[in-house]
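A quick write-up on the structure given underneath.
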Amino acid sequence: MASLCRRPAKSTSATFGAAGLGSHRSPSGSAAMQSSTGLHNPRLNLQATYSYIGTRPADPQNNFDLKAYGKLDLRAGIQGRNLELYAWADNLLDEGYDLFAYQYTPSVRVGVPGRGRTLGVGFNWFF
Numbered sequence: 024m025a026s027l028c029r030r031p032a033k034s035t036s037a038t039f040g041a042a043g044l045g046s047h048r049s050p051s052g053s054a055a056m057q058s059s060t061g062l063h064n065p066r067l068n069l070q071a072t073y074s075y076i077g078t079r080p081a082d083p084q085n086n087f088d089l090k091a092y093g094k095l096d097l098r099a100g101i102q103g104r105n106l107e108l109y110a111w112a113d114n115l116l117d118e119g120y121d122l123f124a125y126q127y128t129p130s131v132r133v134g135v136p137g138r139g140r141t142l143g144v145g146f147n148w149f150f
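Per the numbering used here, the very first residue in the sequence shown carries number 24; after that it's consecutive.
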């Protein structure tokens with residue numbers, strides 16, 4: 024499965040100084056690709072997702088843009104009749120990216136970074 028989105032967003036709000044500029048936190052484009060496969064009895068579930076988010080304005084006044092980034096997520100699980108055991112990796116390539124930011128003063132920008140590489144294991148019990 025794959026999706027691609029190109030959104031030329033322009034602001035029509037009454038935000039002072041922002042008329043006609045890019046919309047707040049709307050990326051210039053985004054894409055996601057997902058592939059999954061499986062074997063039966065016990066069922067093996069494999070899933071890989073790559074997401075790309077283009078540059079986007081960081082704050083409502085469009086003072087600066089956040090950088091584009093790509094993110095790779097993986098999940099593998101084995102499922103029996105009532106139980107699935109799985110392992111997952113989020114942001115496997117440990118890509119640094121910002122969730123949002125704003126201009127605090129003319130020389131200071133404040134923001135929140137996205138989560139780095141995260142690994143986990145889990146289970147689902149079906150009843």
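Built from N, CA and C at the ideal position, the CB exists for glycine as well.
Just to confirm my understanding: we take residue i, look at its own chain, exclude 5 residues before and 5 after, and list those with CB closer than 6 Å. What are they?
{"i": "residue 87", "result": "81"}
{"i": "residue 111", "result": "98, 143"}
{"i": "residue 113", "result": "96, 141"}
{"i": "residue 149", "result": "105"}
Use the C-beta contact count for residue i: other C-beta atoms within 10 angstroms, 16 or more gives buried, fewer gives exposed.
{"i": "residue 147", "result": "exposed"}
{"i": "residue 100", "result": "buried"}
{"i": "residue 130", "result": "exposed"}
With a threshold of 8 Å on Cβ separation, who are the neighbours of residue i within its own chain once the five nearest residues in sequence on each side are excluded?
{"i": "residue 65", "result": "101, 102, 103"}
{"i": "residue 125", "result": "81, 82, 86, 132, 133, 134"}
List the whole-angstrom C-beta distance separating residue i from residue j, where the pair is believed to meet the contact cut-off of C-beta under 8 Å.
{"i": "residue 73", "j": "residue 89", "result": "Actually they are not in contact, since the Cβ atoms of residue 73 and residue 89 sit about 19 Å apart, beyond 8 Å."}
{"i": "residue 140", "j": "residue 115", "result": "6 Å"}
{"i": "residue 133", "j": "residue 127", "result": "5 Å"}
Near residue i, which residues of its chain fall below 7 Å by C-beta distance, leaving aside the five closest residues on each side in sequence?
{"i": "residue 152", "result": "Only positions 24 to 150 of the chain appear in this structure, which leaves residue 152 out of reach."}
{"i": "residue 117", "result": "139, 140"}
* Asked: Does the region 101-109 come close enough to the region 120-132 that 3 or more CB-CB pairs lie under 8 Å?
  -> no
* Whole beta strand (DSSP E) runs in the region 58-119 with 3 or more residues, listed along the chain? -> 66-76, 92-102, 106-113
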